[in-house]
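Below is one structure; the comments refer to it alone.
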Amino acid sequence: MPQITSVVAGVSTGQSWLLLQLPNGAWRNRITDIPRWGTRHLMIDRQADGRTTSYWKELDYDARQRPWYRGATAAGEQRAVHWTAPYVFFTTGEPGISVSTHFRLSDSRSFVLGFDLKLRDLSQPTMHSRIGKHGLVAVITDDEQVLALPAPPAGISEADWLGQVLKAADDLRLPQLSEALVAWRQAGKPADGITDFESAGASWLLSARQHLLGQQRLWILTLAPEADFSPSWLKVLLVLGGAACVVLACALLITHALAQRLARPLETLAHDSERIGQLDFRPVEHRASRIFEIRQLQLSQETMRRTLQKNQEELAEHADSLRKQVAALQATRADLRESEQRLRSFYDLGLVGVAITSPEKQWIQTNDYICRLLEYSEDELHRMSWAEITHPDDLAADVEQFNALLGGAIDGYEMEKRFISKSGRLIPTRLVVRCARKPDGTVDFVTAMIDDLTERQNAEQRIHYLANFDALTGLPNRAQLDERMQYSLSVAQRNEQTLALMFLDLDHFKDINDTLGHSIGDALLVDLARRLRLVLRDTDSVSRLGGDEFILSLPGADQHGAAQIARKLLDVIAEPYHIERYDLNVTASIGIALYPHDGPDLETLSRNADAAMYRAKREGRHAYRFFTAEMQACSARHLQLISALRHAVALDQLTLHYQPQVSVRGERMVGAEALLRWTHPQLGAVSPAEFIPAAEDSGVIVSIGEWVIRQAVRHARHWLAQGLDPLIVAVNLSAVQFRHPDLPDLVTRILDEEGLPPEYLELELTEGVAMHDPQGAIAVMNNLHERGVRMSIDDFGTGYSSLGYLKKFKVYKVKIDQSFVRDICTDSEDKAIVSAIIHMAQSLGLQTIAEGVESAGQLDFLREEGCHEVQGYYYSKPLPADEFERFARARGIEPC
């Protein structure tokens, strides 16, 4: 039975409604009022537990342009039922048809009510119809598009097969159906009678029955090989084919009636029809209805139930009879064939070799596995002895075990031995040998199971290789390097020599992977590894740590020698790379630690070389740096901050300060930016510029970020409760937070739990974070925008090429970085930049806010240029939450 996927209704003045049950059991209403709301649609979701949520969604949808509405109004006659041609639903994206009817309201507006029906459900009865052994049932349109699919070919799942709905019948690649259509076309597409045709050398029969659906003509095709049925059953099967037509026609007629009334009896009828579609034919007693159409629909459903029940019983009876006849004819032959094949299948289908030999080690019987393994035919093996194809080095141990078995000392044995194939290939195997003895105790025959160990040994060798070498470049990996380094350090210590350890990391290598693909990046790394080997001495070692990071060990190198090699490495790395059709240039940063000056062991040297490498990156890249004690202090400070930050939330060391955001016109407070502060009992007040990077490096920024959002939302809700007008609270997002996949759900959950409407929360994202992955940023912004949360771009204009993407970002405000605001009264370039940002934002319909405003002159310039909002010390420094509230009241700058 086709399933109603949604109920739709629309009015000629642009209002429309939709009711849809979601897969999780929830119900969704979509309310549209184009004259009032344009492309914004109100969505109301009611969960199964009764919870209701509502939100706005941007959709390019007008019910008056949909096929179900246009067809019903074009019919002219009121209450006339209109069936659409198959099309793709706007609601679910699935192919289907709609049935709709047109009414005239008392105010002369046109009102159309419709139901959407999924075509894939129409395929359920045809896919599971059984017409003989190989018969098929399908429903096609007049132009031979498939509405209801036949049974899928072997090896194709139902889910994949259902994707073929609405394709041309010939595109299904079912030879029988294609050949049937050719014969049917040549016969003039008869609507009655039987059309015979041939497929794969067999005679087939085709019955085509037409069914009118509104103005459309559908064809229900039943085809089966003539050999599936004896002549006496042929007419019965054709009748059953017609019954299949009745089943499909009745299903469509019931759907037809559903469009006439939308009331409680229809729900009962729909439920009963679904039950009948699942072959549950138990009678149901309907409550009498005063509506004539309902009574007629109930009567039609009961008639359909009885007809389907009778047809199903007849079909089951005939199918069972046919199965019994076929089974009786084939039973004896099948049993005999199974008996003959069982033993041979045991041998040939095994995943190991199975053989029987004589006590003299002559092959008696072997399965296909052994023949394939040893490259001999079974006849060739029968003329050979066991010893002829055993490796000479393994023969003595095998003979010893075999003789012990023959003598009764053991019942069997297991061993690894090598056979020699016909082509001379050595084949490592695992051998399991047992024997069968005669009543007198002598050996009757010997059985052997032979398992090929080639793949296992190759895998072991591969595992050993991968455990010690990088699969891409062939360089030793970190485990192999550790072993070599321990040896080099012991030699250096014993001989009182120096040793240099280098950490090498490519600069901006990720850009190559992101823009050209990982295959190009991998090819570059392979070429890079080749170049590194050319520069290093035979005593030196280079290993790949992963990604674009390498570590080099230079035994005997002092500071001067290490510097020379580092310069050579930088030069050879910087030479152009010619990969496929690309000419690429990369540079590297190198950090160097020296033994014993910078550390006594590999762990210390590695840590210090890594710190030196990061110093080289921070100081411009394409350089090398030696480790210094100052780097060690910075590294220790960084680790100390990371350790302390892990407990900062639990120990209540974090606070939020708020800086007012003021409208330039009228100097009214319109919002506040939440700024994170950390005061540690030993470290004191730590600058955000220092602890935020540490939080991002350690990943603790995710939990801290959640705390910040929750505290800001909680404060905003508190200010509402205290009688202040609503304020928009702005919260900065770090790069790690923004890229976390759970961010939209986290924000929504906090807003729901704290009870703050989403329009009073603004999330600020720096321009650099947004441009790191523009397409990903667009997806996240769209998600948050659909949830009603405001987004803004922070530090705009600081050097990233985001102008082309700005119009694609779902933001409503850009923040002008304070580096441009600071000197706008004296610097002409800063004036030009700020003016350009403001006018560009205005052209895109975006608001602007300038940060770092500290003087009346700055405020006057920004006001003249059309900037909307400002923040800075001109009004107030960032204040704790309670002081911020008192400030707002005392200053008289009432929030709007």
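Here the sequence shown is numbered in our numbering, starting from 296 and rising by one per residue. Just so it is clear, CB atoms sit at the ideal spot from N, CA and C, and this is done for glycine as well.
For Arg1082, name the three-state secondary structure that DSSP assigns. Note: Arg1082 maps to coil in three-state DSSP.
Flag this pair as yes or no: are the beta carbons of Glu353 and Thr334 separated by less than 7 Å? In contact: Glu353 and Thr334 (Cβ atoms closer than 7 Å).
Which two residues bound the contiguous alpha helix (DSSP H) that contains Asp411? Membership of Asp411 in any alpha helix (DSSP H) is not indicated; the residue belongs instead to the beta strand (DSSP E) covering Ser405 to Lys413.
Which same chain residues, not among the five before or five after Leu631, have their C-beta less than 7 Å away from its C-beta? With a pLDDT of 48 at Leu631, under the threshold of 50, the modelled position of this residue cannot be trusted, and the question is left open.
Can Trp1002 and Phe986 be called in contact, C-beta distance under 7 Å? No, the pair does not count as a contact, with Cβ atoms beyond the cut-off.
Going by beta carbon distance, what residues of the same chain come within less than 8 Å of Pro983, once the five residues before and after it are set aside? Cβ within range, chain order: Leu970, Leu971, Arg972 and Trp973.
Can you round the beta-carbon distance between Ala1011 and Glu1059 to whole angstroms, since I take them to be within the 8 Å contact cut? Contact between Ala1011 and Glu1059 does not hold, since their C-beta atoms are separated by about 15 Å, which reaches or exceeds 8 Å.
Please determine whether the Cβ atom of Val830 lies at a distance below 6 Å from any heavy atom of the ligand SAH. Ligands displayed in this structure: none; no statement on the ligand SAH is therefore possible.
Ser595 - DSSP class collapsed to helix/strand/coil: Reliability of the predicted coordinates at Ser595 is poor, the pLDDT of 44 falling under 50, and the value obtained from them is presented with this limitation in mind. DSSP places Ser595 in helix when its eight states are reduced to three.
Quick one: measure Cβ to Cβ for Arg916 and Thr882, integer angstroms, because I've assumed they're closer than 8 Å. Going by Cβ atoms, the distance from Arg916 to Thr882 rounds to 6 Å, so yes, they are a contact pair.
Apart from the five residues just before and just after Val303, which ones in its own chain have a Cβ nearer than 6 Å to its Cβ? So the qualifying residues of the chain are Leu313 and Gly409.
Can you tell me where the beta strand (DSSP E) holding Val728 begins and where it ends? For Val728, the enclosing beta strand (DSSP E) covers residues Leu721 to Arg732.
CA-CA distance, Leu315 and Asn324? Leu315 and Asn324 have their C-alpha atoms roughly 7 Å apart.
Can you check whether the CB of Gln1032 is closer than 7 Å to the CB of Gly1083? No; because the gap between Cβ atoms is not below 7 Å, this pair is not in contact.
Would you mind working out which of Leu668, Ser653, Ala446 and Lys656 sits nearest Val647, comparing C-alpha positions? Closest in alpha carbon position to Val647, among Leu668, Ser653, Ala446 and Lys656, is Leu668.
Assumed close pair Val741, Pro654 - CB separation to whole angstroms, cut-off 8 Å: At roughly 7 Å, the Cβ-Cβ gap stays under 8 Å, so Val741 and Pro654 are in contact.
If you count every other CB in all the chains shown that lies within 10 Å of the CB of Gly305, and 16 or more means buried, which is it? Residue environment analysis places Gly305 among the buried positions, since at least 16 neighbouring C-beta atoms fall within 10 angstroms of its C-beta.
Provide the residue(s) that pair with Gly309 in DSSP beta bridges, ordered along the chain. Answer is none; Gly309 lacks a bridge partner.
Ala1136 classed as buried or exposed, judged by whether at least 16 other C-beta atoms fall within 10 angstroms: With 16 or more other Cβ atoms from the protein chains shown falling within 10 Å of its own Cβ, Ala1136 counts as buried.
Do the CB positions of Leu516 and Ala503 come within less than 7 Å of each other? Yes, these two residues count as a Cβ contact at 7 Å.
Using 8 Å as the Cβ pair cut-off and three pairs as the minimum, do the stretch 381–397 and the stretch 409–427 touch? Here the stretch 381–397 lies against the stretch 409–427, with 3 or more beta-carbon pairs under 8 Å apart.
Note the first and the last residue of the continuous beta strand (DSSP E) segment covering Ala240. In this structure the chain extends from 296 to 1191, so residue 240 is not present and cannot be described.
Taking Arg876 as the reference, which of Tyr919, Thr834 and Ser814 has the closest Cα? Taking only the C-alpha atoms, the option nearest Arg876 is Ser814.
Helix, strand or coil for Arg315? Go by DSSP, reduced to three states. Sequence inspection shows Leu at residue 315; the Arg mentioned does not correspond to that position. Here Leu315 sits in strand by DSSP.
Would the stretch 764–778 count as touching the stretch 836–851 if we require 3 or more Cβ pairs under 8 Å? They touch, by the three-pair rule.
Determine the burial state of Ala1176: buried for a count of at least 16 other Cβ atoms within 10 Å of its Cβ, exposed for fewer. The residue is buried, with at least 16 neighbouring Cβ atoms inside 10 Å.
Does DSSP classify Gln859 as helix, strand or coil? DSSP places Gln859 within a helical segment (H, G or I) once states are collapsed to three.
Could you pull the start and end residues of the alpha helix (DSSP H) that Gly1152 belongs to? Run containing Gly1152: Ala1151 to Glu1160, per the alpha helix (DSSP H) assignment.
Measuring alpha carbon to alpha carbon, tell me which of His855, Leu823, Tyr909 and Glu1160 ends up nearest Asp874. Per the sequence shown, residue 874 should be read as Ile rather than Asp. Taking the Cα of Ile874 as reference, the smallest distance to any Cα among His855, Leu823, Tyr909 and Glu1160 is reached at Leu823.
I need the DSSP call for His1179, collapsed to helix, strand or coil. Here residue 1179 is Phe; the residue named in the question, His, does not match the sequence. Three-state result, Phe1179: helix.
Keeping to the same chain, check which residues put their C-beta closer than 6 Å to that of Phe1156; ignore five residues upstream and five downstream. Here the set comprises Ile1119.
Taking the beta strand (DSSP E) that Asp739 falls in, what are its first and last residues? Element bounds for Asp739: Val738 to Asp747.
Where do the N-terminal and C-terminal ends of the beta strand (DSSP E) with Ser716 fall, by residue? First-last for Ser716: undefined, no H or E at that position.
For Gln1113, the residue or residues it bridges with in DSSP: According to DSSP, which records beta bridges pairwise, Gln1113 is partnered with nothing at all.
Buried or exposed (CB count within 10 angstroms, at least 16 for buried), Gln657: Per the 10 Å Cβ criterion, exposed.
Are three or more beta carbon pairs between the stretch 853–869 and the stretch 792–799 nearer than 8 Å? Result yes; three or more Cβ-Cβ pairs closer than 8 Å.
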